[in-house]
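Asker: So that we are looking at the same thing, I have put the structure below in structure tokens.
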Amino acid sequence: MNRKNEFDAMKAAFNQPFPELEDVLQRAYRRKRKRTAKNILCPLGGLAACFVTFVLLVNMSVTVANACAQFPVLRQLAKAVTFSRSLSSAVENNYVQKINQKKTQNDITAQIEYLIVDQKQVNIFYRLTSEKYTGEYENLAANPVITCDDENTSFYVYNHSFGEENGELLSATVDFTQGNVPDKLQCTLKVFFQNWHLFNASIESGPEYLAEIEFDLEFDPQFTAAGKVFPVNETVILDGQEISVKNIEVYPTHLRVEITESEDNTAWLKSLDFYIETEQGTKFVPVSSGVTATGSADSPSMVSYRADSTYFYEAEHLKLVITGAKWLEKDMESTYLNLVTKEHGELPDGVSFDSVQKQGDNWSVTVRSTPDENGEIPIPFSDVYLDSAGNRYSTGNLRVSVGKLNKNDTIQYYYTFLSLKNYPYDEVWLTPQHSHIWTAEQPIEITVQ
């Protein structure tokens, strides 16, 4: 295949000027649709990765580097997808739908320019500009809200963009957990001041929106049809627990590993450490930003895992290699904490309560955690907690910060802060994300095709 001809065609299709740049700071947002699976995993490390120094796609392809040097639009799109190896490959292979819709409301202009779409995922690339809001505390951000006419579908929305200047290409991913991507979706960009969350203590109330700009997105059928399912149907024992790998699904935007668990297991699977390897020895690892895994409505388990895609690579044979897992014991779905005496139930491995403070009817609980072997930022509890009657609450504000560093600047532990707002009781039941971490003595290999 002649890559130069592909990119010459892409240059001709995309050759349009961009608006002027203005200052803006984006924040992360992910929104769960009404009809969704119960669980979703979006690692904090993936969120923070957006602050890391930008590495252009030129590190992956000389052809792309040459095209980017000649063509500013492609360079912008390549920059916007550096968080994903799969999307970078899609751009390299001209797998992009250009739509270029622009609307203005209340002196704010929103422009949706490109889509990268397949059977299970929609990646939206958009810009925000305004001549009115240019002050230091008037930076703009948007919550992308997606609606779908098909009530039998469910999906999550994840906003990848952080710290981008006004006019830069921003992106959001719509990940479908039930059903396929339909022919069209409605996307509403709810625009607000980015710095709102820095000054407003009432996170639950949400920001005051400056504009709500609606777009109708229609997808080219050649993109929504792309993808292939490879049956596996192989059962393995991990840490004494039985799981079955049902399918490996390969799409242009990502790869999925679909599993089921034995009802006789004593623990729920919360996270799977794995990679995909081709016959050439090329490895494809779990995604580091966005939706990394989803669960079912029937249990706390995570049963669908996302990884970099092999779609644009010449790979006739794939191998799934499992190296570890995180588990939640079934008798540890919640753990007790007396907010006055600090008496507590069983805690996840490497976790201890550091402090509990009260102000009015609000409690602040600080937890100390040690990092795991993979260096991931630990989040030992979810934002859900229970009272003695089993009523569910949400913290609305869960923060993680670095604890102590040793002489080599290695992080020894992290602090997690949970805010229990308007909670008038002395006892609470927190919900652990996992109970323990297991590492395989020898990698477990499963042939996919």
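Our numbering runs 10 ahead of the 1-based position in the sequence shown. Note that CB positions come from ideal geometry on N, CA and C, so glycine has one too.
(1) In terms of DSSP beta bridges, what is S362 paired with?
(2) Compute the distance between the beta-carbons of T304 and P296, then report whether it is under 8 Å.
(3) Among G177, T345, Y433, whose alpha-carbon lies nearest the alpha-carbon of S445?
(4) Can you tell me whether H170 is buried or exposed, with buried defined as 16 or more other CB within 10 angstroms of its CB?
(5) My parser needs the alpha helix (DSSP H) runs of 4 or more residues fully inside the region 189-258; what are they?
(6) Please state whether DSSP places S398 in a helix, a strand or coil.
(7) Within the chosen definition, does the region 425-436 reach the region 319-328 through at least 3 CB pairs nearer than 8 Å?
(8) Is it buried or exposed for A335, if we count other Cβ within 10 angstroms and need 16 for buried?
(9) Could you round the C-beta distance between I456 and K329 to whole angstroms and report it? I think they count as a contact, below 8 Å.
(10) I447 to I387, Cα distance in whole Å?
(11) Taking the alpha carbon of E343 as the point to measure from, which residue in V394, N205, V184 has its own alpha carbon closest?
(12) Since V101 is in the alpha helix (DSSP H), which residue starts that stretch and which ends it?
(13) Taking only three categories from DSSP, how would you classify A142?
(14) Label A399 either buried or exposed according to how many other C-beta atoms from any shown protein chain fall within 10 Å of its C-beta, with 16 as the threshold for buried.
(15) Output needed for R45: all residues of its chain with C-beta closer than 6 Å, excluding positions within five of it in sequence on either side, in chain order.
(16) On the three-pair Cβ rule with 8 Å, is the region 238-258 touching the region 189-202?
(17) Just to check my reading of the structure: P262 and S319 have Cβ atoms closer than 8 Å, yes? What is that Cβ distance to the nearest angstrom?
(18) Please name the residue or residues paired with V155 in a DSSP beta bridge.
Answerer: Answer, in terms of the structure:
(1) As a first step, residue 362 must be located in the sequence shown, where it is residue number 352. In DSSP, S362 forms a bridge with R378.
(2) As a working note, residue 304 is residue 294 in the sequence shown. As a working note, residue 296 is residue 286 in the sequence shown. Result no, Cβ atoms of T304 and P296 do not sit closer than 8 Å.
(3) As a first step, residue 445 is located in the sequence shown; it is residue number 435 there, counting from the start. Nearest of G177, T345, Y433 to S445, Cα basis: T345.
(4) In the sequence shown, residue 170 corresponds to position 160, counting from 1. By the neighbour-count rule (16 or more Cβ atoms within 10 Å), H170 is buried.
(5) 206-209, 231-234
(6) Numbered from its first residue, the sequence shown carries residue 398 at position 388. Here S398 sits in coil by DSSP.
(7) no
(8) By one-based count along the sequence shown, residue 335 stands at place 325. Buried, by the Cβ-count rule.
(9) Counting from one through the sequence shown, the residue named residue 456 turns up at place 446. Counting from one through the sequence shown, the residue named residue 329 turns up at place 319. The Cβ separation is near 7 Å, so the contact holds.
(10) Start at 1 with the first residue of the sequence shown, and residue 447 comes out as number 437. Start at 1 with the first residue of the sequence shown, and residue 387 comes out as number 377. Rounded to whole angstroms, I447 to I387 spans 14 Å at the Cα level.
(11) For the purposes of this step, residue 343 is identified with residue 333 of the sequence shown, where counting begins at 1. With distances taken between Cα atoms, E343 lies closest to V394.
(12) One-based indexing of the sequence shown puts residue 101 at position 91. Looking at the DSSP string, the run of the alpha helix (DSSP H) that includes V101 is 95-102.
(13) Position 132 of the sequence shown, counted from the start, is the residue given in the question as residue 142. Correcting the residue type first, residue 142 is Lys in the shown sequence and not Ala. Coil, per DSSP.
(14) Residue numbering aside, residue 399 sits at position 389 when the sequence shown is read from its first letter. A399 should be labelled exposed.
(15) By one-based count along the sequence shown, residue 45 stands at place 35. Its pLDDT being 33, under 50, R45 is placed unreliably by the model, and the measurement read from it follows with that caveat. Same-chain partners within the cutoff: S164.
(16) no
(17) In the sequence shown, the residue the question calls residue 262 occupies position 252. In the sequence shown, the residue the question calls residue 319 occupies position 309. 6 Å between Cβ atoms; contact.
(18) On the sequence shown, residue 155 is found 145 positions in, with the first residue counted as 1. The partner list for V155 (beta bridge, DSSP) reads T198.
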